[in-house]
Amino acid sequence: MTRLAALLVFWGVAFATAPVRAEQLIVALSAEEVRITSNFTGTSITVFGAIERDAATVSRAEFYDVVVSVKGPAETVVTRRKDRFVGIWLNNASRTFVNIPSFYAVNASRPLSEVTTPQILKRFQIGSDNLVFPVSADDGAERAGPDDDFRKAFIRLKQQDGLYRSEAYGVKFPGTEIFQTAVQIPANVPVGRYVVTVYLFRDGAMLASDQSEIRISKMGFEQFTFDLAHNQGLIYGLICVILAVFTGWLAGVIFRRD
Amino acid sequence: MQIYLPIAEMPVNMFIIFGMGGAVGFLSGLFGVGGGFLLTPLLIFSGISPAVAVASTTAQVVASSSSAAITYYRRRMIDMKLAGVLVASGVVGSSIGVGIFSLLRRWGQLDLVIALCYVTFLGLVGGLMLTESIRAMINARKGRPAPLRRPGQHNWAHGLPFKMRFKRSKLYVSVIPIIAIGVGIGILGSLLGIGGGFILVPALIYLLRVPTNIVIGTSLIQMTGTMAVATVLQSTSNHTVDGVLALILMVGGVIGAQFGARVGAHVRGDQLRAMLAILVLGVGIRFFVDLVHTPAELFSLATLAGDTR
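Sequence lines, in order, name chains A and B. Take 3 as the starting number for the first sequence in our numbering and just add one per residue. Take 1104 as the starting number for the second sequence in our numbering and just add one per residue.
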């Protein structure tokens, strides 16, 4: 514990005394809040940014690379595999992934392998192959490596649902020091806090990064219904029954023949 | 027009769902069944999770069966005492059913059990109905009168103890088979999102000898009561009743049912039963094929409840 504290102090000192970084990122989002209403069919969030250099930094010939990742709220997911059992396909083996992003999008100006080294990608968990997949304690292994079948299936299924996505050339540079990208948010997106991280690279080295947040939440009627159903299930159920009986009665009155 | 379902957490095309409700309502009015056994599979096949499909159909069945029950009540074609016993035991059954539902969902075997139950019950009932209606059709063609039921005829169900008198049905029978039927339908109904009319009506006719003119109204009361309780239980324990989805289905369903009932009045009984049997068998076969056919995707994801939402 004391060693950790010492390390933290050392870090703090090191950062405080280090010279100001040459490049700085200025990031703006098209929306900081996404509202899910009854006509919600998905949306797109545009991330704008500028790379600001101080006067002392000489302009160099190499181009910048920008990677933008959007991570949704963490969730716990059971991945199940079907096996044939007396001729019938049924869920058999399963693996529970704990605290993995429910949504993950990564847009880059070039394919990630060209932007930087695998080590850096791994360290900052950039790209779905480099995310850490912690496994529930009762499933044996502590975390699932990139070759794990369940992990691969998880990513494949998430991609099919549009919840895990990547665009290798998704970040555009309208000017040499200005970039922009659009991240598609599908309609089946989970609600919660989303973290947008922008990484700036040059020559494979990470120069700067910036983090901002988006809130995706249900609004108005959708929020009210969801809350009621989850917190006041009894009242919600009774309302549904009253609604059903009323609909039935009303139909009887309207279509009455005798 | 796309509309976002707050509990299913996905947008659906409102008119497609409305059309589904209407089409199933039409068939249910035509055949005099609840239609839950058609609606739940339709919703599942269209991408709504089985848990939400079953629970929301439960609410829809309340609407369609209460609508019809009111009509029968007005015509005094209901044995209220028999319906009371059936509802009471149905409530017990649906509590058990909802419990099993939550348990299976946690184990990841809900879809399998729903499919297996559909195959078994639809296959059985569809098969029986088909043979019965074909026999009736052959008899009709040969000019033989349909075998009449003798009122004094009794079976094993009438020899059991704890007898109770049901004046409206002109019955004096043991409550044991009645309670057994009620509990059984309650379990099946809440587990599968069906009213269970297509099992309940034959059971009441053949097992208890309830007169045919009273049986439909009585079973409608049982379905309304049992499914209303199932809806509340699903809401409190599984939180999977989507009110928006259910409302669209209800409105489509009750409208469709009115037209179905009008058409049904012009079709012969045995032909109607044969058509219904083929429909029931078809749905059963569809579930069976899904069970044995090698799926394109072996893996599936399930988000655990109680998350950071």
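Glycine is no exception: its CB is placed at the ideal position from the N, C-alpha and C atoms.
*Does the beta carbon of I1173 of chain B come closer than 8 angstroms to any beta carbon on chain A?*
Within the second sequence, the letter at position 70 stands for residue 1173 of chain B. Using a CB distance cut-off of 8 angstroms, I1173 of chain B counts as an interface residue toward chain A.
*Check whether the region 215-226 of chain A touches the region 32-43 of chain A, counting contact only when three or more Cβ pairs, one atom from each stretch, lie closer than 8 angstroms.*
yes
*Contact list for the region 1351-1379 of chain B against chain A, Cβ threshold 8 angstroms*: M1353, V1354, V1357, I1358, A1360, Q1361
_According to DSSP, simplified to helix, strand and coil, what is T249 of chain A?_
Within the first sequence, numbered from 1, the residue matching residue 249 of chain A stands at position 247. DSSP places T249 of chain A in helix when its eight states are reduced to three.
_Between the region 1367-1382 of chain B and the region 1195-1208 of chain B, can you find at least three pairs of beta-carbon atoms closer than 8 angstroms?_
no
*First and last residue of the uninterrupted beta strand (DSSP E) at F1129 of chain B*: For the purposes of this step, residue 1129 of chain B is taken as the residue at position 26 of the second sequence. Element bounds for F1129 of chain B: not the beta strand (DSSP E) but the alpha helix (DSSP H), 1117-1134.
*So which of B:A1239, B:G1230, B:A1154, B:Q1105 has the shortest CA-CA distance to A1218 of chain B?*
In the second sequence, the residue the question calls residue 1218 of chain B occupies position 115. A1218 of chain B has its Cα closest to that of B:A1154, out of B:A1239, B:G1230, B:A1154, B:Q1105.
*asked:* Tell me the rounded alpha-carbon separation between L1225 of chain B and T1234 of chain B.
replied: Here residue 1225 of chain B refers to the residue found at position 122 of the second sequence. Here residue 1234 of chain B refers to the residue found at position 131 of the second sequence. About 14 angstroms.
_Please identify the residue among B:I1290, B:A1306, B:G1139 whose C-alpha is closest to the C-alpha of L1231 of chain B._
For the purposes of this step, residue 1231 of chain B is taken as the residue at position 128 of the second sequence. For the residues B:I1290, B:A1306, B:G1139, the minimum Cα distance to L1231 of chain B belongs to B:A1306.
*Output the distance between the C-alpha atoms of F105 of chain A and Q161 of chain A, rounded to the nearest integer angstrom.*
Against the first sequence, residue 105 of chain A aligns to sequence position 103. Against the first sequence, residue 161 of chain A aligns to sequence position 159. Approximately 10 angstroms, taken between the alpha carbons.
*Residue(s) in a DSSP beta bridge with Q186 of chain A*: Within the first sequence, residue 186 of chain A is the residue found at index 184, counting from 1. DSSP output for Q186 of chain A lists A:S46 as bridge partner(s).
*For V79 of chain A, go through chain B and note every residue whose CB falls closer than 8 angstroms to its CB, in chain order.*
On the first sequence, position 77 is the one that residue 79 of chain A refers to. Neighbours of V79 of chain A across chain B, judged by C-beta separation under 8 angstroms: L1404, A1405, T1406, L1407.
_M1123 of chain B at chain A interface by Cβ criterion, 8 angstroms_ = Indexing the second sequence from 1 puts residue 1123 of chain B at position 20. So, not an interface residue.
*Under a three-way DSSP split, which group does E2 of chain A fall into?*
No answer is possible for residue 2 of chain A: the residues shown for chain A start at 3 and end at 260.
*asked:* Taking a contact to mean a Cβ-Cβ separation below 8 angstroms, would you say G1211 of chain B touches N93 of chain A in this structure?
replied: Residue 1211 of chain B sits at position 108 when you count from the first residue of the second sequence. Residue 93 of chain A sits at position 91 when you count from the first residue of the first sequence. The answer is yes: Cβ separation under 8 angstroms.
_Residue burial classification, H1396 of chain B (beta-carbon count within 10 angstroms, cutoff 16)_ = Your numbering for residue 1396 of chain B matches position 293 in the second sequence. H1396 of chain B should be labelled exposed.
_With 16 other Cβ atoms within 10 Å as the buried cut-off, status of V1115 of chain B_ = Within the second sequence, the letter at position 12 stands for residue 1115 of chain B. So V1115 of chain B counts as buried.
*CA nearest to the CA of P188 of chain A, picked from A:T81, A:V68, A:A107*: For this step, residue 188 of chain A is matched to residue 186 along the first sequence. If we check each option's Cα against that of P188 of chain A, A:A107 comes out closest.
*Should L1215 of chain B go down as buried or exposed, given a rule of 16 or more other Cβ atoms within 10 Å for buried?*
If you number the second sequence from 1, residue 1215 of chain B lands on position 112. Buried, because 16 or more other Cβ atoms sit within 10 Å of the Cβ of L1215 of chain B.
*Go ahead and label E1400 of chain B buried or exposed: buried means 16 or more other beta carbons lie within 10 angstroms of its beta carbon, across all protein chains shown.*
The count along the second sequence starts at 1 and reaches residue 1400 of chain B at position 297. Result: exposed.
*asked:* Contact defined as beta carbons within less than 8 angstroms: I believe T183 of chain A pairs with V49 of chain A. What is the distance between those atoms, to the nearest angstrom?
replied: Residue mapping note: residue 183 of chain A aligns to position 181 of the first sequence, counting from 1. Residue mapping note: residue 49 of chain A aligns to position 47 of the first sequence, counting from 1. About 5 angstroms separates the two Cβ atoms, so the contact holds.
*Beta-carbon neighbours of I1106 of chain B, restricted to chain A and to distances below 8 angstroms*: Here the question's residue 1106 of chain B lines up with position 3 in the second sequence. Going along chain A in sequence order, the residues near I1106 of chain B (Cβ under 8 angstroms) are S40, N41.
*Within the 8 angstroms Cβ cut-off, does G147 of chain A reach chain B?*
Taking the first residue of the first sequence as 1, we reach residue 147 of chain A at position 145. No, G147 of chain A lies away from the interface with chain B (no Cβ there is under 8 angstroms from its Cβ).
*With a floor of 4 residues, list each alpha helix (DSSP H) that falls wholly inside the region 103-178 of chain A, ordered by position along the chain.*
114-117, 120-125, 151-162
*With a Cβ-Cβ cutoff of 8 angstroms, do V80 of chain A and L1407 of chain B count as a contact?*
Along the first sequence, one-based indexing puts residue 80 of chain A at 78. Along the second sequence, one-based indexing puts residue 1407 of chain B at 304. Yes, Cβ-Cβ distance for V80 of chain A and L1407 of chain B is below 8 angstroms.
*Would DSSP call P1114 of chain B helix, strand or coil?*
Indexing the second sequence from 1 puts residue 1114 of chain B at position 11. It is a strand residue.
*Sorted by chain position, which residues of the same chain lie with C-beta nearer than 8 angstroms to R112 of chain A's C-beta, five sequence neighbours on each side aside?*
As a first step, residue 112 of chain A must be located in the first sequence, where it is residue number 110. Excluding positions up to five away in sequence, the list reads D67, A170, Y171.
*Exposed unless 16 or more other CB atoms sit within 10 angstroms - verdict on K73 of chain A*: Within the first sequence, the letter at position 71 stands for residue 73 of chain A. Counting Cβ neighbours within 10 Å, K73 of chain A comes out buried, since at least 16 surround it.
*DSSP state of G51 of chain A mapped onto helix, strand, coil*: The residue labelled residue 51 of chain A in the question sits at position 49 within the first sequence. It is a strand residue.
*Measuring only between beta-carbons, confirm whether T249 of chain A sits less than 8 angstroms from chain B.*
Here residue 249 of chain A refers to the residue found at position 247 of the first sequence. Judged by the 8 angstroms Cβ criterion, T249 of chain A is in contact with chain B.
_Measuring CB atoms only, is the region 1153-1167 of chain B touching the region 1333-1349 of chain B, in the sense that at least three cross pairs come out at less than 8 angstroms?_
yes
*asked:* Looking only at its chain, what residues have a beta carbon closer than 8 angstroms to the beta carbon of R1285 of chain B, apart from the 5 residues adjacent to it on each side?
replied: Position 182 of the second sequence holds residue 1285 of chain B. Per the sequence shown, the amino acid found at residue 1285 of chain B is Gly instead of Arg. Excluding residues within five positions, the ones whose Cβ falls inside 8 angstroms are V1188, L1189, V1190, A1191, S1192, G1193, V1195, G1196, Q1325, T1329.
_At a CB distance below 9 angstroms, what residues from the region 198-221 of chain A approach chain B? Give them in sequence order._
K220
*Using a threshold of 8 angstroms, state whether the C-beta atoms of S1168 of chain B and V1357 of chain B are closer than that.*
Against the second sequence, residue 1168 of chain B aligns to sequence position 65. Against the second sequence, residue 1357 of chain B aligns to sequence position 254. Going by C-beta atoms, S1168 of chain B is not nearer than 8 angstroms to V1357 of chain B.
*asked:* Please report the straight-line C-alpha distance between A16 of chain A and M208 of chain A, rounded to a whole angstrom.
replied: One-based indexing of the first sequence puts residue 16 of chain A at position 14. One-based indexing of the first sequence puts residue 208 of chain A at position 206. Annotation note: pLDDT 46 at A16 of chain A (below 50); position unreliable, coordinate value reported separately. Distance from the CA atom of A16 of chain A to the CA atom of M208 of chain A, rounded to whole angstroms, is 18 angstroms.
_To be precise: take each residue of the region 1327-1338 of chain B, compare its Cβ to all Cβ atoms of chain A, and keep it if any distance is under 8 angstroms. Which residues remain?_
T1327, A1331, T1334, V1335, L1336, Q1337, S1338
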